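Q: Position 170 of the sequence shown, counted from 1, bears residue number 175 in this note's numbering, the numbering being contiguous throughout.
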Amino acid sequence: MKDLTFNISETSRITGLSIDTLRYYDKIDLIKSKKNPNNRYRYYTIEDISIISHIKNLRDLDLSICDIKSLLHSDPEVQRQILKNHHKVLLEKVATIKKIEKVFKDTLKEVNSSDLMINVPVIKSYTDRYFKKLKNNVKTNKCSISKKNLLDTSTNFLDILDKFVFSFSDKNFDSTNLFDFFEYGKVSENQEYYTEISYEEFEVMEDTKDILVVPHSNYIETITKLSKDNFDEYFENLIGWIDFKNLNPIYPGFIKYLDTSLYFMNEGECLVQFQIPFKHKKYE
Numbered sequence: 006m007k008d009l010t011f012n013i014s015e016t017s018r019i020t021g022l023s024i025d026t027l028r029y030y031d032k033i034d035l036i037k038s039k040k041n042p043n044n045r046y047r048y049y050t051i052e053d054i055s056i057i058s059h060i061k062n063l064r065d066l067d068l069s070i071c072d073i074k075s076l077l078h079s080d081p082e083v084q085r086q087i088l089k090n091h092h093k094v095l096l097e098k099v100a101t102i103k104k105i106e107k108v109f110k111d112t113l114k115e116v117n118s119s120d121l122m123i124n125v126p127v128i129k130s131y132t133d134r135y136f137k138k139l140k141n142n143v144k145t146n147k148c149s150i151s152k153k154n155l156l157d158t159s160t161n162f163l164d165i166l167d168k169f170v171f172s173f174s175d176k177n178f179d180s181t182n183l184f185d186f187f188e189y190g191k192v193s194e195n196q197e198y199y200t201e202i203s204y205e206e207f208e209v210m211e212d213t214k215d216i217l218v219v220p221h222s223n224y225i226e227t228i229t230k231l232s233k234d235n236f237d238e239y240f241e242n243l244i245g246w247i248d249f250k251n252l253n254p255i256y257p258g259f260i261k262y263l264d265t266s267l268y269f270m271n272e273g274e275c276l277v278q279f280q281i282p283f284k285h286k287k288y289e
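The following block contains the structure:
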């Protein structure tokens, strides 16, 4: 029985790959077409169709063309090593996606919370908290925060994304520098940055010199949409509220992004949460 053969158009329809993709695969020797000696037309066989289907499955696994070529043309030991390495990469991607999913769930929980009140300070109590200092310095010329960074695993932005936290370096609010950060997405080179960790993570750490331990504290907590128009007024009102309540802020304080796009909402606003430990003022 004569073997079935298919021209490139038929092969494209059967496999779902474009003609250009089939020609590209042919050119790089990933899957070669055969040439009919009588009319010089190129064709594919049933076996070729099966290999193309296998290539598509491997591409769905996010394997590179280079790795797929090695899998198709290497001995079993090399194939096993390629798949083993790729499995490790996939596990890392799964962990990254789970981390991103957790951020979105936490944010959604915050935003949907029944006691969420924009721009209204409230007083809350937290048990001991642990923050790990981010060791990788963020370069000024590479610190613009955008949606792109949400999936950029080559930087430490995923660490920052988890709980964007940094300590106030001074005893007073520095609204000018803070606004530079919110407006331009710039991260100060002189600022120390932390990400919150669990007590269980803290327990197993051998080196705790870069761990910031914040004891059980009461916090001034406020959620706000900051923009260029309301930034200075917001901080003036917040400081006025703190004074009115006879509260004495204890530094460091923390800022946490609630806007998971890590960028401005409505072209100029970002949703953030401030948490400021405090003590009640004592008068002599």
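Virtual Cβ for every residue (Gly too), placed ideally from N, Cα, C.
All of these numbers come straight from a predicted model, not from anything done at the bench.
1. Quick test of the definition: if touching needs 3 or more C-beta pairs under 8 Å, does the region 11 to 30 touch the region 42 to 53?
2. Would you please state the rounded distance, in angstroms, between the beta carbons of I54 and I87? I believe it to be under 8 Å.
3. Over what stretch of residues does the alpha helix (DSSP H) that includes N12 continue unbroken?
4. Have a look at the DSSP bridge pairing and note the partners of K129.
5. Going by alpha carbons, who is nearest to D212 out of F249, K137 and N253?
6. Counting C-beta neighbours from all protein chains within 10 Å, is the total for V218 16 or more, i.e. buried, or is it exposed?
7. Which stretch, first to last residue, makes up the alpha helix (DSSP H) that contains T26?
8. Apart from the five residues just before and just after L9, which ones in its own chain have a Cβ nearer than 6 Å to its Cβ?
9. Of all the options N12, I247, E241 and V209, which has the alpha carbon lying nearest to the alpha carbon of R45?
10. Quick check on V209: does DSSP put it in helix, strand or coil?
11. Helix, strand or coil for N43, going by three-state DSSP, please let me know.
12. Start and end of the alpha helix (DSSP H) containing I216?
A: Result, derived from the coordinates:
1. The region 11 to 30, when compared against the region 42 to 53, does touch it at the 8 Å Cβ threshold.
2. For I54 against I87, the beta-carbon gap comes to about 23 Å, at or over 8 Å, which does not count as contact.
3. N12 -> no alpha helix (DSSP H), and no H or E assigned at all.
4. The partner list for K129 (beta bridge, DSSP) reads Y224.
5. The option with the nearest alpha carbon to D212 is K137.
6. Exposed is the call here.
7. Start and end: I24 to K32.
8. Closer than 6 Å at the Cβ level, and outside the excluded window around L9, lie I51.
9. Per the Cα distances, N12.
10. It is coil, neither helix nor strand.
11. DSSP, read as helix, strand or coil, puts N43 in coil.
12. Per DSSP, I216 lies in no alpha helix (DSSP H); the unbroken beta strand (DSSP E) holding it starts and ends at I216 to V219.
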